Every structure is written in C-alpha cells, then in structure tokens.
Amino acid sequence: MWNAEMETMPRPQLEKLQLERLQATVRRVYARVPFYRQQFDAAGVQPDDIRGLPDLARLPFTRKSDLREGYPYGLFAAPLDQVVRLHASSGTTGKPTVVGYTRRDIDLWAEVCARAFGCAKGQPGQVFHNAYGYGLFTGGLGMHYGAEKMGLVVVPVSGGNTDRQLLLIQDFKPTIIACTPSYALTLAEAMRARGMDPRGTSLRVGILGAEPWTDAMRAEIEDSLGIDAIDIYGLSEIIGPGVACESVATKSGAHINEDHFLPEIVNPATGEVLPWGEEGELVFTCITKEALPLIRYRTGDITRLDPTPATDGRTLARMGRIVGRSDDMLIIRGVNVYPSQVEAALVHLDHVTPHYQLVVRRERTLDELEVRVEASEDFFRHIGSEALNEDAGIDNAARRVREQIRHTLYGTLGIQTRVRLYAPNSLPRSEGGKLRRVLDERQRP
Ligand code: DLL
612 MWNAEMETMP
622 RPQLEKLQLE
632 RLQATVRRVY
642 ARVPFYRQQF
652 DAAGVQPDDI
662 RGLPDLARLP
672 FTRKSDLREG
682 YPYGLFAAPL
692 DQVVRLHASS
702 GTTGKPTVVG
712 YTRRDIDLWA
722 EVCARAFGCA
732 KGQPGQVFHN
742 AYGYGLFTGG
752 LGMHYGAEKM
762 GLVVVPVSGG
772 NTDRQLLLIQ
782 DFKPTIIACT
792 PSYALTLAEA
802 MRARGMDPRG
812 TSLRVGILGA
822 EPWTDAMRAE
832 IEDSLGIDAI
842 DIYGLSEIIG
852 PGVACESVAT
862 KSGAHINEDH
872 FLPEIVNPAT
882 GEVLPWGEEG
892 ELVFTCITKE
902 ALPLIRYRTG
912 DITRLDPTPA
922 TDGRTLARMG
932 RIVGRSDDML
942 IIRGVNVYPS
952 QVEAALVHLD
962 HVTPHYQLVV
972 RRERTLDELE
982 VRVEASEDFF
992 RHIGSEALNE
1002 DAGIDNAARR
1012 VREQIRHTLY
1022 GTLGIQTRVR
1032 LYAPNSLPRS
1042 EGGKLRRVLD
1052 ERQRP
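Count along the sequence shown starting at 1, add 611, and that's the number in the working numbering.
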C-alpha cells in the first residue's frame, strides 16, 4: 500500500478527520468564493452550522452548469498567482469545463494517483506505459505525477499511434499499463493483427478507466492481454484520475480516497441522500483542495457505495461499477436502459465480439433501439458477408444468432431491440481516448 495509514484507517477516526477538513473547506469557500456565499445564504446555512458530517446535506449542490456559468475561473477559491495548472474537459456542447490546481493540489493529486499504483502493486523501477492522453485531459498528467511519486519509470506515450505503442511495449518491457478499457481491447487486437502474442508481453496489470466498463469486459481484457485489470475512477472537476481505484488483490470495487473526497449517494430526481448500499447519483465534496474545492458536486454517475473493509485491509469505502450516467440513461418506450446492461449481456454470447454500438431512433412516435454488434472472426468466416444482409436468406446462421441476441436482450432490458451484425473490425474503435458507444438520433423536443 502506498499510504497504509490512510488507506486502512478505522472509520471513526476517518470521520473525525473528514469533519475537521469539511468545516475548514466550508469556511474557506464561504469567505473566498462569492458563488458559494450566495448559495449558502440563499439556503440559510452558515459555515458554523456544519457541526457533524450529516450536516453536509444542508449545503446546496454544485452542478456542471454552475462551472459553465462561472467560466472560466468563477468558482476558484485561490487567486491565479497561486494556481500552477489548468485542465479542461471538452464537453459535447459549447465551452469546456475549466479546473485549476495550486502546487499543493498537484501534490495531493500525485498522492492519490500513487495510491492507485499501490493498488496495482507497483514498485520503484518498474516501467509504466501511460497511454492516457496528455494535454487538457487529466488522464495522462495525473497518472504521470502519481507514477513518478512512487518511483516508477514513466513512458509518457499518451493516446493514439497504436503501432508505436506496440513497439514501445515490446522494447521497454512495461509491467503496468494505463489506458481506457476500450483502448486496451484495441491494443490486443492490433497485436494479434501484427502476429504478436497479446498474452506474451511483459504487461502484468492494467489500470483502466475514464469510461464505463463492466466485469464481463474485465474478463475479456484480462483474457486477451494476459493481465490483471483494475478500475480507476475520477473526474476533472474533483481532481482527475485517482478519486478512486480498485486493488488488484481483491478486485472488489474502487476505494474512494475519502480523506480528500467526501462521497454521498443521492436520489438523482429529488436530491435526497440515500443510505450506504443504495444505488443513486454519486456526489463529491472536496475537503482538502485549494484552487477548486467543489461542494456537493453532482457527478451524474450512477453507482452504489460499500463502507465495509476489504479483505486486504483497505477500509476506504468502495464504489460499484458506474452503471450509467443520470444524463446517459436511455429512456426507450418508457423503459430505463443503461448501455452497460447491453454490454454485460453481449459479452457472454457466442459468435459475437464485445465491440458494439447503440443507436436510438424515433420511428414515427416509437423509440427504437438498434444494437450493432460485430460477428467474431470465426463465425464471419462461416457465414460469409452476404449473410449479414438482413434481407438475404430466410433461415440462416446469422439470422439465428440475431434472434438469440434479441431474445437475450429482451430478457435483460425488457424491450424489443433491432439487432444488426457487422463484419469484424467494422465498428468504431478507441483510438486512445474515450469511446462513444451511443448514438441518440432522436430529435429532442
Ligand atoms: O475521465 C478522469 C480519468 C482519467 C479517470 C483517467 C480515470 C482514468 P473526465 O474526462 O472529466 O475525467 O470524465 C469524467 O468519466 O464522470 C465518468 O462518467 C467517466 N468515468 C471516469 N472513470 C470511470 C470509470 C476523467 N472507471 C467522467 N468507470 C466521469 C466509469 C468513468 N466511468
């Protein structure tokens, strides 16, 4: 463990520390950020009202729209002469979300990312292949500083240029790789295509995140690359990667660095705080940051929390997989569908690969979910490309596989879907960054 004292702290002691830090942060933002002063005043709550951790629920939420309205520096709690770094997340519409770090924030970030390398059983001297993007995205630089702090040998390759990635993996012999889960699959495929044995490299552990993935996808990645794959979670607004990371020893959910980021789960519709274990939207309060200590930030990510200590002694609460985003949940003919449910169902089926894409359309007044999935190489060779044409043949193997997928999806999702098989390697791949798997073509009112 990188920081055994904090990572195994008994909960009563942790809560005491959290309360002290929360109180200091609330006082700080009230004094320094006009936005928070107005929000707290409007909600009728003052810093001195925070006497215990449950009082956190009295504070108003912060949303992405608040960051956007304060663009670029409106919510900063430190003057720019104390800020040493900016990052930004692109966002699909309009201006990016800007986040800032003081020198101490950068140290804190390196600390929580070093814990992630501890979770991966990293040791000084091991080579670390960092395939998260460097730049405004937080993935590359966050992991970079954490790895250097631990004393790993960092290869700052960044995302993309898959051929060069393979060359460096062969020659530099890294044991740890970090990238998105979809890019891990791209790398495995590219190795196979070039006659390399994906299971035969020096890689031992993958620290994968920045996009949703499932345990079924983990099995697929571990099997194809011959590595252990662990989940790392984070978001720019809170710090970037390192908000939480799973331990390779237990693979039982990502431990949230609760001594710095106070988690809550709320009902996404009402904002009501839910008890440990219930599924809802993850909300974070930064209790040690200087430049951008967000209060009760609504992540939009849907998951659940487990406060019970893990079998390896880590006591920090664990989060489940992100099952979806409150704004990514598809509502199809009144039924809530998360892309992760489709993925979990597809990974277990024969004759198809885990490469898929979802397209939602409105046919006259009815929503239709089209599930595009690639046939496996073997199956494709067997059926031939003609068979992918849905109008060809009355009863053929491709049609039977499509029917089977439809049937399985109906069982998991409870809605009828339209399934289309694609030739191997024809659906979009991650080229290093996050992969967008859902195309919602419905016109919004
Ligand atoms: O993706 C930070 C990061 C970099 C995390 C590298 C892990 C590794 P953003 O670009 O701001 O930051 O995107 C944050 O990505 O709210 C989630 O919806 C999603 N996300 C991040 N990690 C995971 C994960 C980085 N492990 C948004 N599982 C978050 C599922 C994840 N979703």
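Each residue gets a CB set at the ideal place from its N, CA and C atoms; glycine is no exception.
Keep in mind the model is a prediction, meaning the values are calculated, not measured.
> Could you give the uninterrupted runs of the beta strand (DSSP E) lying entirely in the stretch 707-743, keeping only those of 3 residues or more?
Replying inline: You should have 708-713 and 738-741.
> Quick one: Cα of L1050 to Cα of Q649, how far?
Replying inline: 39 Å
> Hey, would you say the C-beta of G729 is under 7 Å away from at least one heavy atom of the ligand DLL?
Replying inline: For G729, the Cβ stays outside the 7 Å cut-off from all heavy atoms of the ligand DLL.
> Cα-Cα, which of L691, A840 and L1032 is closest to R1011?
Replying inline: L1032
>> Could you check whether V738 and K784 sit closer than 8 Å to each other, using their CB atoms as the reference points?
In response: yes
>> Let's see if you can read the secondary structure: which residues bound the beta strand (DSSP E) around I1026?
In response: Looking at the DSSP string, I1026 is not in any beta strand (DSSP E), and its letter there is neither H nor E.
>> Measuring only from the beta carbon, is I717 closer than 7 Å to any heavy atom that is part of the ligand DLL?
In response: no
> From R983 to L999, what does the alpha carbon distance come to, in whole angstroms?
Replying inline: 11 Å
> Of all the options T1023, F728 and V709, which has the alpha carbon lying nearest to the alpha carbon of S858?
Replying inline: F728
> Between K862, R936, V709 and L763, which lies nearest to R909 when the distance is taken from Cα to Cα?
Replying inline: R936
>> Can you give me the C-alpha to C-alpha distance between A1034 and T825, rounded to a whole angstrom?
In response: Their Cα atoms are separated by approximately 24 Å.
>> Counting C-beta neighbours from all protein chains within 10 Å, is the total for I846 16 or more, i.e. buried, or is it exposed?
In response: Going by the sequence as given, residue 846 is Leu instead of Ile. Answer is buried; the Cβ neighbour count reaches 16.
>> Based on DSSP bridge pairs, tell me the residues matched to M828.
In response: The partner list for M828 (beta bridge, DSSP) is empty, contrary to what the question assumes.
>> Threshold first: 4 residues or longer. Then list the alpha helix (DSSP H) segments lying entirely within the stretch 945-998, N to C.
In response: 950-957 and 988-994
> Which same chain residues, not among the five before or five after Y745, have their C-beta less than 7 Å away from its C-beta?
Replying inline: G751, L752, P767 and S769
>> When you compare the CB positions of L969 and R915, do they come within less than 8 Å of one another, or not?
In response: no
>> Strictly by DSSP, which residues pair up with G845?
In response: Note: G845 sits in a beta bridge opposite P852.
> the ligand DLL heavy atoms versus the CB of E822: any closer than 7 Å?
Replying inline: yes
>> Please report the distance separating the alpha-carbon of P1056 from that of R973.
In response: Reliability of the predicted coordinates at P1056 is poor, the pLDDT of 45 falling under 50, and no value is obtained from them.
>> From the DSSP secondary-structure annotation, give me the bridge partner or partners of V694.
In response: T713
> Comparing the CB of P852 with every heavy atom of the ligand DLL, is any distance shorter than 7 Å?
Replying inline: yes
> Counting along the chain, where does the beta strand (DSSP E) carrying D912 start and finish?
Replying inline: Y908 to T914
> Are Q1027 and L960 close, meaning C-beta to C-beta below 8 Å?
Replying inline: no
> What first and last residue would you give for the beta strand (DSSP E) that runs through A789?
Replying inline: I787 to C790
> Relative to the C-alpha of G911, which residue among M940, D917, H962 and G851 is closest?
Replying inline: Just measuring C-alpha positions, the residue of M940, D917, H962 and G851 sitting nearest G911 is M940.
> Can you tell me whether DSSP reads H871 as helix, strand or coil?
Replying inline: coil
> Which first and last residues belong to the beta strand (DSSP E) in which F895 is found?
Replying inline: G891 to C897
> Excluding sequence positions up to five away, which residues of its chain have a Cβ less than 6 Å from the Cβ of R810?
Replying inline: G837
> In terms of alpha-carbon separation, which member of Y743, A668, E680 and R643 lies closest to E822?
Replying inline: Y743
> Helix, strand or coil: which one does DSSP assign to D1051?
Replying inline: strand
>> Pop quiz: R638 and P665 are said to be a contact at Cβ under 8 Å. What is the actual Cβ separation, rounded to whole angstroms?
In response: Actually they do not touch by this definition, with Cβ atoms about 18 Å apart.
> I think Q629 touches L980, with their Cβ atoms under 8 Å apart; what is that distance to the nearest whole Å?
Replying inline: Contact flag wrong, Cβ pair sits at about 42 Å.
> Is the closest heavy atom of the ligand DLL to the C-beta of F895 under 7 Å?
Replying inline: Proximity of the beta carbon of F895 to the ligand DLL is not indicated: no heavy atom of the ligand is located closer than 7 Å.
>> Classify Y1021: buried if its beta carbon has 16 or more other beta carbons within 10 angstroms, exposed otherwise.
In response: exposed
> Taking the continuous alpha helix (DSSP H) assigned at G817, which residues delimit it?
Replying inline: It is not in any alpha helix (DSSP H) - G817 instead sits in the beta strand (DSSP E) that spans V816 to G820.
> Near T1023, which residues of its chain fall below 6 Å by C-beta distance, leaving aside the five closest residues on each side in sequence?
Replying inline: Taking T1023 as the centre and dropping the five residues before and after it, the same chain places the C-beta of Q952 and A956 closer than 6 Å to its C-beta, in chain order.
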